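Student: For the sequence shown, this note's numbering begins at 653 and goes up steadily by one.
Every residue gets a Cβ at the ideal spot worked out from N, C-alpha and C, and that includes glycine.
Just so it is clear, the structure is predicted and the values come from calculations on it, not from any experiment.
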Amino acid sequence: MATVQTTDPEFSAFLEAYPAYTRTRLLDELRSREYARLDSGEHIYLDYTGGSLYAESQLREHHELLRSHVFGNPHSSNPTSLEATRFVDSARQHVLRFFKADPSEYEAIFTQNASGALKLVGESYPFGAGSRFLLTFDNHNSVNGIREFAHARQAQVTYIPLALPDMRVDEAMLDTHLRHIDRSKPNLFAYPAQSNFSAVLHPLDWIERARGLGWDVLLDAAAFATTNELDLSQVKPDFVSLSFYKMFGYPTGIGALIARRSALAKLHRPWFAGGTITVASVQADKYYLADGHQAFEDGTVDYLNIPAVDIGLRHLESIGIPVIHERVRALTGWLLDKLTSMKHSTGVSLVRVYGPVTTEQRGGAVTVNFVDQNGNPIDHRTIEIEAGKDNISLRTGCFCNPGAGETALGISRLELDVCFTQPGHESRLSLDDFRLCIDGKNSGAVRISIGLVSNFQDVQAFLHFARGLLNREFTAIGHAPH
Ligand SMILES: Cc1ncc(COP(=O)(O)O)c(C=O)c1O
653 MATVQTTDPE
663 FSAFLEAYPA
673 YTRTRLLDEL
683 RSREYARLDS
693 GEHIYLDYTG
703 GSLYAESQLR
713 EHHELLRSHV
723 FGNPHSSNPT
733 SLEATRFVDS
743 ARQHVLRFFK
753 ADPSEYEAIF
763 TQNASGALKL
773 VGESYPFGAG
783 SRFLLTFDNH
793 NSVNGIREFA
803 HARQAQVTYI
813 PLALPDMRVD
823 EAMLDTHLRH
833 IDRSKPNLFA
843 YPAQSNFSAV
853 LHPLDWIERA
863 RGLGWDVLLD
873 AAAFATTNEL
883 DLSQVKPDFV
893 SLSFYKMFGY
903 PTGIGALIAR
913 RSALAKLHRP
923 WFAGGTITVA
933 SVQADKYYLA
943 DGHQAFEDGT
953 VDYLNIPAVD
963 IGLRHLESIG
973 IPVIHERVRA
983 LTGWLLDKLT
993 SMKHSTGVSL
1003 VRVYGPVTTE
1013 QRGGAVTVNF
1023 VDQNGNPIDH
1033 RTIEIEAGKD
1043 NISLRTGCFC
1053 NPGAGETALG
1063 ISRLELDVCF
1073 TQPGHESRLS
1083 LDDFRLCIDG
1093 KNSGAVRISI
1103 GLVSNFQDVQ
1113 AFLHFARGLL
1123 NREFTAIGHA
1133 PH
């Protein structure tokens, strides 16, 4: 792949608009040293919100660790077991240190992913009649899914809508909802620090406001933690959910629930499992849960891969989240500037952006629909196919965030009710059935997300692809190829 010449007028214009990019040059060296496979494979990777990428050194260090140690199941106290426990504990402490969480105040629980962390909270939260589960329309399905536990225990579930065009929450409305609380009952408020749909950064000061009014706060930091500093000495949610592959690419299959010890004490686990108890009896039909993280880690933790979390965190620390943040901000700004200025010869804009069009209080994902020269949306699946031909990896659909998707795409409650009550679809509705039902409307969007080792060429390659869509004919929505 061609390297950018400093004489490239586009690059000069970019640097003029985003001079801070020059302070992130270490990421270019890092990319050529540790992520060479991206450029040798001519990949334009633009799905960092889906998953980040790992450095070769992370693999080397992890494999060397496995090669040079003998690790046994940590549920024992033999030498190999103790060795595994030592590494797992060290990773656990590192997770708390990374997020500046005071260990006397917070616990880190290893889970399979962010969804696993969210499910732990949902299934254990003491919802009951009179208690509330309050959440923003803008949430991943793994947060939305908590409402099923709330419904089952007669709690009231309330969604706070998003205001267009920026897809942020109206603060006055949030306040009204937060004030409507019976403090004698457990009440949970959940929102993402960064939207995985629009990349909006929702204010972290909601945490103290909500807690002050008596809410327990669940902050989904899965998308946020990839390019933003989360400082748990400054903001103190009760629960935080994370997936580590989103932060540093490797390993997959490990996430964390970081929880205040006082909040954990309120949870009631619906079962017990190996590793979570001090004593359990068959004849006496009795068990005693262990303390802290142990009570929440079912069975054997992934003790061979958890040490790779330690390695990944060190990798991020060696770069510095502020450097990543700055680079992502600059590239996102340039992408937005250029994309929003593209017009067909008919004068119609090429894209409709869902979310903020400046870099203010937003992260590095840009979600759009492409529009043809007559103003009709181009099916997001067509865009994914076309982008794939240029070796561009991006994400299309609703990204497991139906509330943001419905808001962005203008799909009303009435239309949804019609689709969800169609005869013959009482218990099953495929995505294609749903698309057919809202025929004539776009059921998804295109997300271009920038991250850890993105560079100017990646963005330019995407803009080149986008320019190629100008003035082209496309099949109308609803008739696109499967
Ligand atoms: C904001 C947000 N929350 C939660 C999740 C769920 O993460 P996982 O699929 O790793 O459980 C995602 C994944 O895309 C996300 O972006």
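Here's a check: name, in chain order, each residue in its chain whose Cβ is nearer than 6 angstroms to the Cβ of N793, leaving out the five neighbours to either side.
Tutor: Within the same chain, N793 has close Cβ partners C1052.
Student: DSSP three-state call for A877: helix, strand or coil?
Tutor: Three-state DSSP puts A877 in a helix.
Student: Taking all protein chains shown into account, do 16 or more other C-beta atoms lie within 10 angstroms of the C-beta of G703, making it buried, or fewer, making it exposed?
Tutor: By the neighbour-count rule (16 or more Cβ atoms within 10 Å), G703 is buried.
Student: Using the three-state DSSP reduction, which class does S895 fall into: helix, strand or coil?
Tutor: Here S895 sits in strand by DSSP.
Student: Could you tell me which uninterrupted beta strand (DSSP E) segments, each at least 3 residues in length, are contained entirely in the segment 715 to 763, listed from first to last along the chain?
Tutor: Runs found: 758 to 763.
Student: How about L856: is its C-beta nearer than 8 angstroms to some C-beta of chain D?
Tutor: Included in the structure is just one protein chain, with no chain D present.
Student: Return yes when the C-beta of D872 is under 7 angstroms from any heavy atom of ligand 1, and no when it is not.
Tutor: For ligand 1, at least one heavy atom lies less than 7 angstroms from the Cβ of D872.
Student: Are there any heavy atoms of ligand 2 lying less than 7 angstroms away from the beta-carbon of T701, as far as the coordinates show?
Tutor: With respect to ligand 2, the structure offers nothing, as its ligand set consists of ligand 1.
Student: Where does K990 fall in DSSP's three states?
Tutor: Helix.
Student: Check whether the Cβ of H792 sits closer than 7 angstroms to any heavy atom of ligand 1, and report yes or no.
Tutor: Within the cutoff, so yes.
Student: Does DSSP classify P1133 as helix, strand or coil?
Tutor: In this predicted model, P1133 has a pLDDT of only 39, less than 50, meaning its place in the structure is not dependable enough to derive any value.
Student: Measuring only from the beta carbon, is G1007 closer than 7 angstroms to any heavy atom that is part of ligand 1?
Tutor: No; taking the cut-off as 7 angstroms, the Cβ of G1007 has no heavy atom of ligand 1 nearer than that.
Student: For D725, which residues in the same chain have their Cβ closer than 8 angstroms to its Cβ, ignoring the five residues on either side in sequence?
Tutor: Looking at the sequence provided, one finds Asn at residue 725 rather than Asp. Taken in chain order, the residues that qualify are S733, A736, T952, Y955.
Student: Taking 6 angstroms as the limit between beta carbons, can you name the residues of its chain near L871, skipping five residues before and five after?
Tutor: For L871, where only same-chain residues beyond five positions count, the Cβ hits under 6 angstroms are A845, P889, V892.
Student: At a threshold of 7 angstroms, does A665 count as lining ligand 1 (C-beta to nearest heavy atom)?
Tutor: Result no, Cβ not under 7 angstroms from ligand 1.
Student: Less than 7 angstroms between the CB of S895 and some heavy atom of ligand 1, yes or no?
Tutor: Yes, the Cβ of S895 comes within 7 angstroms of a heavy atom of ligand 1.
Student: Would you kindly report the start and end of the unbroken beta strand (DSSP E) that includes S933?
Tutor: 929 to 933 is the extent of the beta strand (DSSP E) around S933.
Student: For D1110, report the span of its alpha helix (DSSP H) as first-last.
Tutor: Note, D1110: alpha helix (DSSP H), 1108 to 1119.
Student: Considering only residues of the same chain and omitting the five flanking positions on each side of P1133, which have a CB-CB separation below 6 angstroms?
Tutor: Residue confidence for P1133 is low, a pLDDT of 39 falling below 50, so the modelled location carries little weight; the figure read from the coordinates is stated next. So no residue of the chain qualifies.
Student: Return the CA-CA distance between N1123 and S1001, expressed in angstroms with no decimal places.
Tutor: One C-alpha to the other measures close to 11 angstroms.
Student: Assign L870 to one of three DSSP states: helix, strand, or coil.
Tutor: The answer is strand: DSSP assigns L870 an E or B state.
Student: Could I get the ranges of all uninterrupted beta strand (DSSP E) runs contained in the segment 1007 to 1044, with 3 residues as the minimum, in chain order?
Tutor: Whole beta strand (DSSP E) segments, 3+ residues: 1017 to 1022.
Student: Classify A815 as buried or exposed, calling it buried when 16 or more other Cβ atoms lie within 10 Å of its own Cβ.
Tutor: When all chains shown are included, A815 counts as exposed.
Student: How about M819 and G985: do their beta carbons lie closer than 8 angstroms?
Tutor: No, Cβ-Cβ distance for M819 and G985 is not below 8 angstroms.
Student: Rank R738, G1096, D754, E759 by C-alpha distance to the C-alpha of E949 and give the top, closest one.
Tutor: Answer by Cα proximity: E759.
Student: Compute the Euclidean distance between the alpha carbons of G1096 and R784, then round it to the nearest angstrom.
Tutor: Whole-angstrom Cα-Cα distance: 30 angstroms.
Student: Please determine whether the Cβ atom of S767 lies at a distance below 7 angstroms from any heavy atom of ligand 1.
Tutor: Yes.
Student: Just the Cα atoms here: how many angstroms apart are A862 and L830?
Tutor: Each residue's alpha carbon lies about 6 angstroms from the other.
Student: For R799, which residues of its own chain have a beta-carbon under 8 angstroms away from its beta-carbon, when the five flanking residues on both sides are left out?
Tutor: If we look at R799 and ignore the five residues flanking it on each side, its Cβ neighbours are F785, L787, V809.
Student: Please indicate yes or no: does the CB of G1015 lie closer than 7 angstroms to some heavy atom of ligand 1?
Tutor: Every heavy atom of ligand 1 is 7 angstroms or more from the Cβ of G1015, so no.
Student: Regarding G907 and ligand 1, is the C-beta to nearest heavy atom distance less than 7 angstroms?
Tutor: It does: the Cβ of G907 is within 7 angstroms (strictly closer) of some heavy atom of ligand 1.
Student: Could you check if P844 belongs to the surroundings of ligand 1, using beta carbon to heavy atom distance under 7 angstroms?
Tutor: Yes.
Student: Going along the chain, which residues of its own chain have a beta-carbon closer than 6 angstroms to the beta-carbon of T904, five neighbours each way excluded?
Tutor: Taken in chain order, the residues that qualify are Y897.
Student: Can you grab the Cα-Cα spacing for the pair R912 / F1114, in whole Å?
Tutor: Between R912 and F1114, the C-alpha separation is close to 42 angstroms.
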